[in-house]
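Student: Input: one structure, supplied below.
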Amino acid sequence: MKKLWLLFLYLLPLCSWTQEKMYIDSEGNTTTKDKAKLYRVISEKDGRYHVKDFFLDGKLQMDAYATKKDFRSIEELIGKFSFYFEDGKIEIQGEEENGNLSYKVYDPKGRINTFYNKTREDTYIETYNYADNAYVKGKKEFNVVYYQENAKVKKRIQFEEDLKKARIESFYEGEDNVLLKYYDERGKLIGSRYIKGNEAQAGIEVEYYHAPAQVKAIIQWDAIGNIVEDKVYYRSGKLFSRRKEDKKNTTITFYDAKGKKMSELTYKYGEPYQGTAYSLDEEGLLEEKIVYKLGHIEQSIVYYKNGNIKQQTDYSIHHDIDKITYYNKDKTTKGELLFKEGACYSGYLYNDLEENDSYVLYKAGEFVALKQIDENNILRYYKEKQKDGQMKAEIYNEKGEKSYIYTITRIKNTNSGDEDTVIDFKQYENGKEINKGSIKNKILQQGSIKLKNRWDESIEYYYKVKDKKIVMDYMINGKVLKTISLDANFSNFGDRYLNHIEEFFITEDNFDPYVMIPNYIFDTKNSTLIEH
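Quick note on numbering: the sequence shown equals residues -18 to -1, 1 to 514 in mature numbering (1 follows the signal peptide of the UniProt record, and there is no 0).
Here's what the structure looks like:
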């Protein structure tokens, strides 16, 4: 009897919490095991639910309490709660107490992403945006934190690692008034400027180097928006340039890294007029030298990071580019590009020899070849003119896998006298051919092709020629949303019909070739690099 009583006492706390297990998707909806992202275990006692979510491998994803099983947000939790990433790091941690709510959200690197605090009717939020999450790879910028009170941004701080060191503080007053404060790398206030009603007042602005943050330039403005003085500094802290304004002249004096004067540049009517200008890159290294004569550029020189000349551009007496000479990092000549009437004529136009050998090749004023390599040194696009006049091209994805092989043929139309453009292509995916066909004057003539929307990867367009019709499936996440078709003999309906077929236009640009050189560069025949 005594043993039975002890067993009852042991089981009593287990029975007081009733348990339930279910599988849920990423949105928290109940689902089947094969579609689940998590599984949930709920224990209930006296109308209070203890909820634990687990990844399918058994690792804890959430530990929280709520007053109802079907809660949908953090605001419905009670007491202390925690959420975890799959590697076990904290994602969200906070507490609700007497109706007040406070929590912190962290990113996968363990940095705070959001701090939220609600006390009665008042809310306070800090939101952190980190520069390494930016869209532009390798771009160096400040991190940013926004401070909100009751849904209004009151303050913003741009910083790098330490909120007390080099930073820019913005204080928002009303709708259009902002006070900017600038601090150096020691945390000392070195400038401020007030913007009132979208109009900047007299004051001082500061520009910074990044990684590590350091003052690059200090600009002083007067009350009517003119620069009074502008000082730019090397990474060493020594003066690189000083711009002085007076009623008659604007003069910029440039100094080398040892403090010796290199040159002067004078302005006339607000534009560079006479002398030599220098500029520094984002790392504080000499980037470019430009020689001005009577308001026109006479010569420009771009430097490698090691200080040697990368390219020299000379201008003609008509102020057009006459020649670009390229150099290797060891000072030997790489090649030349000659111009004719301001257009590329003969030689190689290189992207950036600091990075790789990507180029466009011209002969007698025409494009004859193009090679584009990405920042990971992977060939992404190659195009070359054949002896018969055809253009043959190959496009590769970021893994170096083939995406397209195609030829472009231009044929004179004997009926209209115009030139027809024909693209014969093969399309690949994961190394295998998936589509092929022919496009004439932007319209698919035979075969099929699948194109992605370059702004939304979930959207695709699948074109095919079938039963004398061109059919297009508009697809989202692999499912057909709508299907439209075009009579293959649409030209018989007259020119007015052309206004209604733009959805069926396919050009070389739709293949999404990787081109870092601006595609608005023309040759002497006014042809662009890529058909749009």
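Backbone N, C-alpha and C fix where the C-beta goes; we use that ideal spot for every residue, glycine too.
If you reduce the DSSP assignment to three classes, tell me which class asparagine 423 lands in.
Tutor: Of the three classes helix, strand and coil, the one that applies to asparagine 423 here is coil, per DSSP.
Student: Let me know the secondary structure DSSP gives phenylalanine 487 once reduced to three states.
Tutor: In this structure, phenylalanine 487 counts as coil in the three-state DSSP scheme.
Student: Would lysine 305 and glutamate 323 be called neighbours here (beta carbons separated by less than 8 Å)?
Tutor: In this structure, glutamate 323 does not lie closer than 8 Å to lysine 305 by Cβ.
Student: Give the straight-line distance between the Cα atoms of isoleucine 72 and tyrosine 47, rounded to the nearest whole angstrom.
Tutor: Distance between the alpha carbons of isoleucine 72 and tyrosine 47: 17 Å.
Student: Considering only DSSP beta bridges, list what tyrosine 112 is partnered with.
Tutor: For tyrosine 112, which the question treats as bridged, DSSP gives no partner whatsoever.
Student: Is there contact between the stretch 238 to 248 and the stretch 178 to 193, where contact requires at least three CB pairs shorter than 8 Å?
Tutor: Short answer: they don't touch.
Student: What do you get for threonine 232, buried or exposed, if any count of 16 or more other CB atoms within 10 angstroms of its CB means buried?
Tutor: Counting Cβ neighbours within 10 Å, threonine 232 comes out buried, since at least 16 surround it.
Student: Tell me whether glutamate 380 sits in a helix, a strand or coil according to DSSP, three-state version.
Tutor: DSSP places glutamate 380 in coil when its eight states are reduced to three.
Student: Taking the runs of the beta strand (DSSP E) that are 3 residues or longer, which of them lie wholly in the stretch 285 to 312?
Tutor: Qualifying beta strand (DSSP E) stretches, in chain order: 291 to 297, 303 to 309.
Student: Which stretch, first to last residue, makes up the beta strand (DSSP E) that contains serine 218?
Tutor: No beta strand (DSSP E) contains serine 218, which DSSP labels as neither H nor E.
Student: What runs of the beta strand (DSSP E), each 3 residues or longer, lie entirely inside the stretch 58 to 93?
Tutor: List check, beta strand (DSSP E) in window: 59 to 66, 72 to 79, 82 to 88.
Student: So the candidates are Asn412, Thr396, Asn423; which of them puts its Cα closest to the Cα of aspartate 406?
Tutor: Out of Asn412, Thr396, Asn423, Asn423 has the C-alpha closest to the C-alpha of aspartate 406.
Student: On a Cα-Cα basis, can you pick out the residue from Glu2, Ile139, Glu131 that is closest to glutamate 123?
Tutor: Answer by Cα proximity: Ile139.
Student: Who are the Cβ neighbours of leucine 276 in its own chain at under 8 Å, not counting the five residues just before and after it?
Tutor: Here the set comprises Tyr255, Gln256.
Student: Do you know how far the Cα of glutamine 75 is from the Cα of asparagine 95?
Tutor: Roughly 12 Å between the two C-alpha positions.
Student: If we count Cβ pairs, one from each stretch, closer than 8 Å, do we get three or more for the stretch 380 to 388 versus the stretch 454 to 464?
Tutor: No, the stretch 380 to 388 is not in contact with the stretch 454 to 464.
Student: Does DSSP classify isoleucine 360 as helix, strand or coil?
Tutor: In this structure, isoleucine 360 counts as coil in the three-state DSSP scheme.
Student: Any idea what DSSP makes of phenylalanine 124, helix, strand or coil?
Tutor: Three-state result, phenylalanine 124: coil.
Student: Tell whether a beta-carbon distance below 8 Å holds between tyrosine 21 and tyrosine 31.
Tutor: No, Cβ-Cβ distance for tyrosine 21 and tyrosine 31 is not below 8 Å.
Student: Please state if the CB of valine 350 and the CB of lysine 341 are separated by a distance shorter than 8 Å.
Tutor: The residue you asked about is not lysine; residue 341 is tyrosine in the sequence shown. No; because the gap between Cβ atoms is not below 8 Å, this pair is not in contact.
Student: Note down, in chain order, each residue of its chain lying with its Cβ closer than 6 Å to the Cβ of lysine 146, except the 5 sequence neighbours on either side.
Tutor: Closer than 6 Å at Cβ, skipping near neighbours: Gly169.
Student: Less than 8 Å between the CB atoms is what I'm expecting for lysine 134 and serine 152, so what's the real figure, rounded?
Tutor: 14 Å between Cβ atoms; not a contact.
Student: With a threshold of 6 Å on Cβ separation, who are the neighbours of asparagine 395 within its own chain once the five nearest residues in sequence on each side are excluded?
Tutor: If we look at asparagine 395 and ignore the five residues flanking it on each side, its Cβ neighbours are Asp402.
Student: Assuming the contact rule is C-beta atoms closer than 8 Å, serine 420 and glutamine 428 should be a hit. Round their C-beta distance to whole Å, please.
Tutor: About 5 Å separates the two Cβ atoms, so the contact holds.
Student: Leaving out five residues before and five after tyrosine 249 in sequence, what residues of the same chain have Cβ atoms less than 7 Å from its Cβ?
Tutor: Closer than 7 Å at Cβ, skipping near neighbours: Thr232, Tyr255.
Student: Can you name, in chain order, every residue of its own chain whose Cβ lies under 6 Å from the Cβ of lysine 434, other than the five neighbours on each side?
Tutor: Hits under 6 Å: Glu442.
Student: With isoleucine 200 as the anchor, note down where its beta strand (DSSP E) starts and where it stops.
Tutor: From DSSP, the beta strand (DSSP E) with isoleucine 200 extends over 196 to 203.
Student: For aspartate 212, count the other beta carbons within 10 Å of its own beta carbon; 16 or more makes it buried, fewer makes it exposed. Which is it?
Tutor: Buried, since its Cβ has 16 or more Cβ neighbours within 10 Å.
Student: If we count the other Cβ atoms within 10 Å of its Cβ and call it buried at 16 or more, is aspartate 16 buried or exposed?
Tutor: Exposed, since its Cβ has fewer than 16 Cβ neighbours within 10 Å.
Student: So, does the CB of glutamine 1 fall closer than 8 Å to a CB anywhere in chain C?
Tutor: Given the protein chain composition of this structure (a single chain), no chain C is represented.
Student: On a Cα-Cα basis, can you pick out the residue from Phe321, Lys311, Thr315, Tyr286 that is closest to histidine 300?
Tutor: When each option's Cα is compared against that of histidine 300, the closest is Phe321.
Student: Let's see if you can read the secondary structure: which residues bound the beta strand (DSSP E) around methionine 44?
Tutor: Looking at the DSSP string, the run of the beta strand (DSSP E) that includes methionine 44 is 42 to 48.
Student: Taking the CB atoms as reference points, tell me whether arginine 175 and leucine 162 lie closer together than 8 Å.
Tutor: Yes. Within cutoff.
Student: Going by beta-carbon coordinates alone, are lysine 292 and glutamate 336 separated by less than 8 Å?
Tutor: Against a cut-off of 8 Å, the Cβ pair of glutamate 336 and lysine 292 comes out as a contact.
Student: From the DSSP output, in three-state form, read off residue 537 for me.
Tutor: Here the chain comprises residues numbered -18 to 514, so residue 537 is not present and cannot be evaluated.
Student: Considering only the alpha carbon of each residue, which of Glu187, Ile60, Ile387, Ala18 lies closest to glycine 29?
Tutor: Closest option to glycine 29, Cα to Cα, is Ile60.
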